[in-house]
Amino acid sequence: LPMELSTDFKHQPTSKLTAAIESAIAKIEVADGLGETAAEEIRQRKKVAKDCTEAAAAYKEAFSACTQVLSIDKLAFQADWFKAFYRRNYDALMVKSIFENVMDDVDSVRVWMEALRRGAMGIDLTDLDNPVSPSPSILKLDSFDSAMSKLVSPVPTPKPGPVSIITKPFFTCPEKYTEQELIDGIIEALFFDESERDFIKCDPLVRLLISNEPGHYNFTIITAMGVITEGSKGLELQKAIERIEKERGVVTIRADTGTARSPDYNAAKIEEAVEEAAKLKRPYGLVGYSQGCANEINFESRMLSGTPDQQSALVSPESGLVCRQLLFSAANGSMHGPAAEVKVHQLITMCEDFFKYQQGFFSR
């Protein structure tokens with residue numbers, strides 16, 4: 003614009019965005035500085051995570067500043083600094099969630115983490131006393147129960163000599179370990195890449211175990227499960243769904259997707275679930291599992307290229323889509339379904355051709 007028409011940029015959107023970005027980056031740097039100090043005190047066992055209130059408060063201010071940036075620019079996720087901080091938060095919350103589940107003995111998390119830990123170490127669960135090569139070993143079904151009982155049972159009287167970490171329970175008896183030892187164990191079990199493990203271990207955001215704010219959230223979850231599902235009557239993630247509704251007030255709606263149905267059919271069923279969610283007047287997020295991820299992406303594509311009402315169901319500030327979670331995504335492998343459907347039709351045609359001849363032969 004000519005200078006005479008733009009002498010004051012304070013109220014321009016770009017000026018607000020620039021100020022918000024500078025504020026967010028500065029607050030992240032302050033929080034990281036306090037976090038490093040707190041993490042060092044935790045390493046020296048002078049404090050535990052819950053005592054580091056100043057660093058936790060600084061990170062929460064950084065979270066709020068990033069939220070402000072996102073409210074001004076919905077594409078802020080594309081900025082490198084924003085993506086990096088978001089990923090750190092994602093990893094920290096994942097570690098925090100598993101830590102709480104291990105401590106609270108939720109479902110079978112302790113047994114699952116123990117198996118995951120030993121699997122990551124290349125240990126054959128059928129013979130816990132003997133390490134094997136890191137190559138995958140086949141666990142026979144008839145020995146699975148006994149292997150699991152070994153995981154949760156106390157270790158027998160050790161043989162003479164040093165006790166191997168392999169035969170020593172870890173997640174099945176978390177009370178014997180410190181908070182930070184458990185965090186290290188979770189990171190070792192979950193993350194494959196060594197450089198990524200080291201980075202996450204050194205991140206104070208992970209060490210502080212910062213939770214989401216308590217209370218009920220204005221949010222709805224819509225789930226779409228895999229290629230084999232009972233749709234709206236399914237029980238996938240049932241206990242987790244019940245917990246999140248009780249603790250956070252988050253309602254979950256199961257899309258009535260079908261077993262071995264096409265992505266287009268399932269996308270239409272997700273759209274029906276979104277229409278039901280819109281009645282709650284809450285923003286919603288999509289949770290997909292396996293082929294459900296492809297179904298959800300197909301649903302988004304259909305809605306974005308659809309009618310104004312369909313587009314509004316995605317972008318409405320009151321009840322639109324705000325996030326998605328893809329669990330064990332088969333978004334790139336879901337063509338197996340349509341391909342199998344084509345082959346089945348071809349097989350039926352071939353069989354009919356073959357048996358037509360046989361029918362005529364035996365009729366004579």
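Position 123, counted from 1, in the sequence shown is what the working numbering calls 125; the numbers after and before it change by one each time, with no gaps. Glycine included, every Cβ here is placed at the ideal spot set by N, Cα and C. A quick note: this is a predicted structure, and the numbers were derived from the prediction, not measured.
Distance cut-off 7 Å: residue i Cβ against heavy atoms of the ligand SAH
{"i": "A226", "result": "The model depicted lacks the ligand SAH and carries no ligand whatsoever."}
Residue i versus the options, residue with shortest Cα-Cα distance
{"i": "V229", "options": "D200, T254, S292, P285", "result": "S292"}
{"i": "S303", "options": "L282, A269, I30", "result": "A269"}
{"i": "E1", "options": "A333, P216, I299", "result": "No answer is possible for residue 1: the residues shown for the chain start at 3 and end at 366."}
{"i": "G121", "options": "V32, Q182, A57, E190", "result": "E190"}
{"i": "T309", "options": "E273, A51, N91, A57", "result": "E273"}
{"i": "A332", "options": "S365, M227, V252, S234", "result": "M227"}
{"i": "A60", "options": "E38, F356, K203", "result": "E38"}
{"i": "S66", "options": "L77, Y88, V50", "result": "Y88"}
{"i": "D82", "options": "S73, A94, I74, C68", "result": "C68"}
{"i": "K235", "options": "D106, K203, T261", "result": "T261"}
{"i": "R245", "options": "S264, D109, G124", "result": "D109"}
{"i": "E31", "options": "K18, K178, A64", "result": "A64"}
{"i": "F194", "options": "S25, I243, M123, E238", "result": "M123"}
{"i": "I100", "options": "I185, K345, M352, S321", "result": "I185"}
{"i": "F221", "options": "Q182, A279, I188", "result": "A279"}
{"i": "A40", "options": "V346, K29, P319, T55", "result": "T55"}
Bridge-paired residues (DSSP) for residue i
{"i": "L328", "result": "G290"}
{"i": "R256", "result": "T225"}
{"i": "L323", "result": "Y286"}
Local conformation of residue i per DSSP, three classes
{"i": "I125", "result": "strand"}
{"i": "S139", "result": "Low per-residue confidence applies at S139: pLDDT is 37, beneath 50, and the placement is therefore not dependable, though the value from the model is reported in the following sentence. DSSP places S139 in coil when its eight states are reduced to three."}
{"i": "C204", "result": "coil"}
{"i": "P265", "result": "helix"}
{"i": "K48", "result": "coil"}
{"i": "I246", "result": "helix"}
{"i": "F364", "result": "helix"}
{"i": "P310", "result": "helix"}
{"i": "K76", "result": "coil"}
{"i": "P216", "result": "coil"}
{"i": "E102", "result": "helix"}
{"i": "Y61", "result": "helix"}
{"i": "F193", "result": "coil"}
{"i": "F173", "result": "coil"}
{"i": "D93", "result": "helix"}
{"i": "C68", "result": "helix"}
{"i": "E198", "result": "helix"}
{"i": "T231", "result": "coil"}
{"i": "C54", "result": "coil"}
{"i": "D109", "result": "coil"}
{"i": "A41", "result": "helix"}
Rounded Cβ spacing between residue i and residue j (contact assumed at less than 8 Å)
{"i": "A275", "j": "I212", "result": "That pair is no contact at about 32 Å."}
{"i": "R112", "j": "T174", "result": "5 Å"}
{"i": "V1", "j": "L282", "result": "It is not possible to answer for residue 1, since the shown part of the chain is limited to 3 through 366."}
{"i": "R326", "j": "D205", "result": "About 24 Å separates the two Cβ atoms, so there is no contact after all."}
{"i": "R119", "j": "F172", "result": "6 Å"}
{"i": "Y286", "j": "G251", "result": "Between G251 and Y286 the Cβ distance is about 14 Å, and since that is not below 8 Å, they are no contact."}
{"i": "A33", "j": "I44", "result": "Their Cβ separation, rounded to whole angstroms, is 15 Å, which puts A33 and I44 out of contact at 8 Å."}
Assigned exposure category for residue i - 16 Cβ within 10 Å defines buried
{"i": "C295", "result": "buried"}
{"i": "D53", "result": "exposed"}
{"i": "Y359", "result": "exposed"}
{"i": "Y267", "result": "exposed"}
{"i": "R256", "result": "buried"}
{"i": "V104", "result": "buried"}
{"i": "N297", "result": "buried"}
{"i": "D200", "result": "exposed"}
{"i": "A86", "result": "exposed"}
{"i": "N300", "result": "buried"}
{"i": "F330", "result": "exposed"}
{"i": "G290", "result": "buried"}
{"i": "P176", "result": "buried"}
{"i": "M115", "result": "buried"}
{"i": "P340", "result": "exposed"}
{"i": "V97", "result": "buried"}
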